[in-house]
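Step one of this worksheet: look at the structure below.
In the UniProt record's numbering, the protein residues as written are 1 to 285.
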């Protein structure tokens, strides 16, 4: 983990074979990890249950057999929507697919993938060809029969072809890619500030001052990055915290609302029901 909390970096178990696969525990309703990003390509393969994922400004309700592709440097957030949400997580360092000798495949396809110049669509649903390819990668990874490394690498090339032919979202220029990462880094401090101060009143003007920009500019860029206004984003952080307390703490509803930064119980109940479809009291019981 780097010093910036929203950047996540985990070393591969085998530095000479840069793919890692893990099967999650069953997540309970509301379990989540906060917004973050990383350099590697990441694939979620949903095994069971229902969830919700946000990839930058796009929201998806997801379920068993869905495949979610997280591009390099793409801010994302994942949350369980029931008590049996389970998934495989596949992490791929794309330079792992490079050859020692640079060839056309590397310069035309693999390098642009790695440099974040080709971005894939996030949600893949009802595509048996892609599912079978990922099933093969998972099987080889866990069986570790002789030659499994070759089998995995071969399937990864096939997967890249399938994504390239069917799931390219857009192409970006090197300048656009650099601008994006610089903008994300500029807002690190904002994410951390909200995470550490959600219990207190936070104004958009206050956040803009931290970012050293005008309130208007801050609001516009913040929504471009997150798909949310600052107020909507802060409320989501507070609601996530309230879910944790409703499930585990003995405080009453009013105390939980106040502890999570909601000074008005009616407002808390209203935004809670809007997001989760149920009141805080009914959620608890």
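In this text, a Cβ means the ideal position worked out from N, Cα and C, and glycines have one as well.
Tell me whether the segment 28-39 and the segment 240-247 touch, counting them as touching only if at least three CB pairs, one residue from each stretch, are closer than 8 Å.
yes
In chain order, what residues of the same chain lie with their CB nearer than 7 Å to the CB of residue 262, ignoring the 5 residues before and after it?
238, 268
Under a three-way DSSP split, which group does residue 59 fall into?
strand
On the three-state DSSP scale, how would you describe residue 198?
Residue 198 falls in the coil class under three-state DSSP.
Starting from residue 179, trace the alpha helix (DSSP H) in both directions and tell me its first and last residue.
Looking at the DSSP string, the run of the alpha helix (DSSP H) that includes residue 179 is 174-186.
Hey, how far is the Cα of residue 158 from the Cα of residue 133?
8 Å
Using 10 angstroms around the beta-carbon of residue 230, count the other beta-carbons present and answer buried if the total reaches 16, otherwise exposed.
buried
According to DSSP, simplified to helix, strand and coil, what is residue 213?
coil
Beta-bridge partners of residue 48, as assigned by DSSP:
Residue 48 is bridged by DSSP to 86.
Per DSSP, residue 134 is paired with what?
According to DSSP, which records beta bridges pairwise, residue 134 is partnered with nothing at all.
Measuring CA to CA, which of 116, 73, 61, 50 is closest to residue 84?
Among 116, 73, 61, 50, the Cα nearest to that of residue 84 belongs to 50.
Proximity of residue 193 and residue 210 at Cβ, strictly below 8 Å
yes
Skipping 5 residues on each side, what residues in its chain have a beta carbon closer than 7 Å to that of residue 136?
155
Indicate whether residue 89 and residue 26 have their beta-carbon atoms separated by less than 8 Å.
no
State the Cα-Cα distance for the pair residue 7 and residue 38, rounded to the nearest angstrom.
Its pLDDT being 47, under 50, residue 7 is placed unreliably in this model, and the value from its coordinates should be taken loosely. Approximately 6 Å, taken between the alpha carbons.
Which of helix, strand or coil does DSSP assign to residue 36?
strand
As assigned by DSSP and simplified to three states, the class of residue 115:
Residue 115 falls in the coil class under three-state DSSP.
Skipping 5 residues on each side, what residues in its chain have a beta carbon closer than 8 Å to that of residue 219?
204, 208, 229, 230
At the level of alpha carbons, what is the spacing between residue 236 and residue 198?
Each residue's Cα considered, the two are about 10 Å apart.
Only counting the same chain, and skipping five residues up and downstream in sequence, which positions put a Cβ closer than 6 Å to that of residue 96?
18
Min CB distance residue 203 to chain C below 8 Å:
Absent here is chain C; the protein component of the structure consists of one chain.
Express the C-alpha separation of residue 273 and residue 258 in angstroms, rounding to a whole number.
17 Å
Please report the residue range of the alpha helix (DSSP H) in which residue 155 lies.
148-166
At the level of alpha carbons, what is the spacing between residue 281 and residue 265?
Going by the C-alpha atoms only, they are around 12 Å apart.
Distance CB(residue 270)-CB(residue 246) smaller than 8 Å
No; because the gap between Cβ atoms is not below 8 Å, this pair is not in contact.
Cβ-based burial, residue 112 [other Cβ within 10 Å; buried from 16]:
buried
Just to confirm the assignment, what range does the beta strand (DSSP E) spanning residue 110 have?
Residue 110 -> no beta strand (DSSP E), and no H or E assigned at all.
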